[in-house]
Amino acid sequence: MTDNTIHYFFVIAIILSYFIPILAANSPMKRKKFRIKFKIVVFIILIQMSLFYFLPNENGIYYYEINLLFIVFTIGIIFFISARRYLDIGGSRWNTFVVFIHFPEFMRLWWEEPAETEGSSVPTQK
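Taking this note's numbering, I'd label the letters of the sequence shown as residues 1416 to 1541.
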């Protein structure tokens, strides 16, 4: 494997870790289930990062790059559960990247409940 090949893998991994989870997120996810799964995935990412310090460096720099690829794909799981949560609260699943750069959107995933559509006391205009 050449040094340029691993960089192409990184680019492809980053693109796929965003698009595939969002395209696969078809069903909504309730708030309680989202909180549990989000905490589990963050814990898994922390374990993966800690492996950098505990496992020996077997194959030089490729060891670190392969572990970084696994971390990137695990972050894709966070995009997947965030997209499903957005479906539940009525947002667009394509906004999942905004969650990680805009804190109010992140809090919206954790606290907002879906809007009530049936039995509304406000009359609709025709």
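Using N, Cα and C, we set each Cβ at its ideal position, and we do this for glycine too.
So, with DSSP's three-state summary, where would you put residue i?
| i | result |
| --- | --- |
| alanine 1498 | helix |
| methionine 1444 | coil |
| glutamate 1528 | coil |
| histidine 1422 | helix |
| serine 1432 | helix |
| serine 1465 | helix |
| glycine 1506 | coil |
| isoleucine 1546 | The displayed coordinates of the chain run from 1416 to 1541. Any statement about residue 1546 would go beyond what the structure contains. |
Classify residue i as buried or exposed, calling it buried when 16 or more other Cβ atoms lie within 10 Å of its own Cβ.
| i | result |
| --- | --- |
| isoleucine 1430 | exposed |
| serine 1507 | exposed |
| methionine 1522 | exposed |
| serine 1535 | With a pLDDT of 48 at serine 1535, under the threshold of 50, the modelled position of that residue is not reliable, and the figure given next carries that caveat. Per the 10 Å Cβ criterion, exposed. |
| threonine 1511 | buried |
| valine 1426 | exposed |
| proline 1436 | buried |
| isoleucine 1496 | buried |
| isoleucine 1462 | exposed |
| serine 1432 | buried |
Name the residue from the options whose alpha carbon lies nearest to the alpha carbon of residue i.
| i | options | result |
| --- | --- | --- |
| threonine 1489 | Tyr1423, Trp1525, Val1456, Trp1526 | Val1456 |
| glutamate 1528 | Ser1442, Pro1443, Ile1481, Ile1504 | Ile1504 |
| methionine 1464 | Leu1483, Asn1419, Ser1497, Pro1519 | Leu1483 |
| phenylalanine 1449 | Tyr1501, Leu1461, Val1513, Phe1424 | Tyr1501 |
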